[in-house]
Amino acid sequence: MTTVWCPAPSLEEFVAGTCRALGAADDIAAEVAHHLVRANLSGHDSHGVLRLPWYADQVARGDLHPAARPSVVRETPGAALFDAGRGFGHYSTLVALEWALAHARTQGVAAATVRNSTHIGRLGEYTERGAGQGLVTIVTIGSAGETGRLVAPFGGRERFLGTNPWSFGVPAAGRPPMMYDAATSVIAEGKIRVAQAKGVPLQPGCILDAEGRPSTAPDDFYAGGMLLPVGGETAGHKGYGYSMAAAMVGGLSMSADAAPEAGAGRPNIGGVTVLALDPAAFGGADTSYAARVGATLDAVGGVTPAPGVPRVLAPGEPEELTREERGHTGIPLPEATWRSLEQLAGRLDVALPEHREE
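Under the numbering used here, the first residue of the sequence shown carries the number 39, and numbering increases by one thereafter.
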């Protein structure tokens, strides 16, 4: 199967042009493009440009409003609620992040939530930015109940949860921040899209088919199947608990909404929550904390590796290494992904990015 390689700057220009053609303003389009391409650069193709045709379909259905900007619904010195208005989630979450970072610098701790959001992309993008500015940053998006159902709860054979990821960014002196970003399902839904585009099976233990039977076929998931929580059949109670926590913490964004009526059907809860903490507020200079974090990350890299492992990597290092590699080689796109981008470009009259096929 052919692989198409694109240089990151050209691919980012293409994504921005496509978002503008869909109706987004220049700054919103630029942010979505930067976010998607950086996900590809970081090795998370599941959250990269593969998503662009999906966003275009959402726009066509009226589920995504590309011109919408987030608005402040409620604000205190240390907390804020934003309404995304069904606009691009990457942009609305960035606005919430910037608010939380700015207020944490004066308050020590600040949190922002976002309701009526669409897909927000790779969570690590936000926590890396926050940690890069010297603040501990936590981001989660979760859903449970009637909306966003992809994952079966532990012990269940029916979709009830989103993939409900968590991400943590921690500033470190003398090296890139520590960054952890992962779904609470065995794999993210986007990884199934990537496998489907490449025409390869999934690893065992990731999904069940519509009848609740284990499967490795990506198509089975999209035919009514379901993801399993982290831990699978054995320890899935752990991933299930983290997933429910993401839904409840994200659900702070619904605090201003009316309570569900009894007997009105299956309730739902969820949303986006961003938390920023300034190390300086907890005593001493913030640089001393970052130095301690940096020293600890250096130390974990010195742990004796297991057989066949070159070196123990700190959380966030795989993304750093992949960005360095793909910055030189370009971003690889499966043929199926490229063809879908070609069709979208033709429909919107947007010039394709520079590329080569191998």
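Beta carbons are placed, not taken as given, at the ideal position from N, Cα and C, and that holds for glycine.
Source: prediction; values computed, not measured.
Annotation: Ala-106 to Val-341 spans about 48 Å, alpha carbon to alpha carbon. Where Ile-179 is concerned, the enclosing beta strand (DSSP E) starts and stops at 174-183. Under the criterion of beta carbons closer than 8 Å, Val-232 and Leu-88 qualify as touching, at roughly 7 Å. Remark: C-beta atoms of Ala-226 and Ser-84 approach each other more closely than 7 Å. Ranking Ser-223, Gly-277, Leu-135 by CA distance to the CA of Gly-207 puts Leu-135 first. Per the coordinates, the alpha-carbon of Ile-307 lies some 15 Å from the alpha-carbon of Pro-203. Between the stretch 145-159 and the stretch 119-133, the count of Cβ pairs shorter than 8 Å is three or higher; the stretches touch. Distance from the CA of Val-338 to the CA of Gly-146, rounded to the nearest whole angstrom, comes to 29 Å.
When DSSP reads this structure, Ala-117 sits in a beta bridge with Ala-149. Thr-311: not part of any alpha helix (DSSP H); member of the beta strand (DSSP E) spanning 306-315, first to last residue. Contact between Pro-267 and Val-189 holds: CB atoms are separated by about 6 Å, below the 8 Å threshold.
Boundaries of the beta strand (DSSP E) harbouring Met-217: 216-220, taken from the DSSP string.
Counting along the chain, Val-53 sits inside the alpha helix (DSSP H) bounded by residues 46-60. Contiguous alpha helix (DSSP H) elements confined to the stretch 239-273 occur at 256-260, taking only those with 4 or more residues.
Per DSSP, the unbroken alpha helix (DSSP H) holding Pro-356 starts and ends at 355-367.
Take Gly-86, set aside five residues on each side of it, and the residues of its chain with a beta-carbon closer than 6 Å to its own are Leu-74, Ala-77, Asn-78, in chain order. CA-CA distance, Arg-364 to Ala-389, rounds to 22 Å. Here the C-alpha atom of Ala-344 lies approximately 33 Å from the C-alpha atom of Ala-235.
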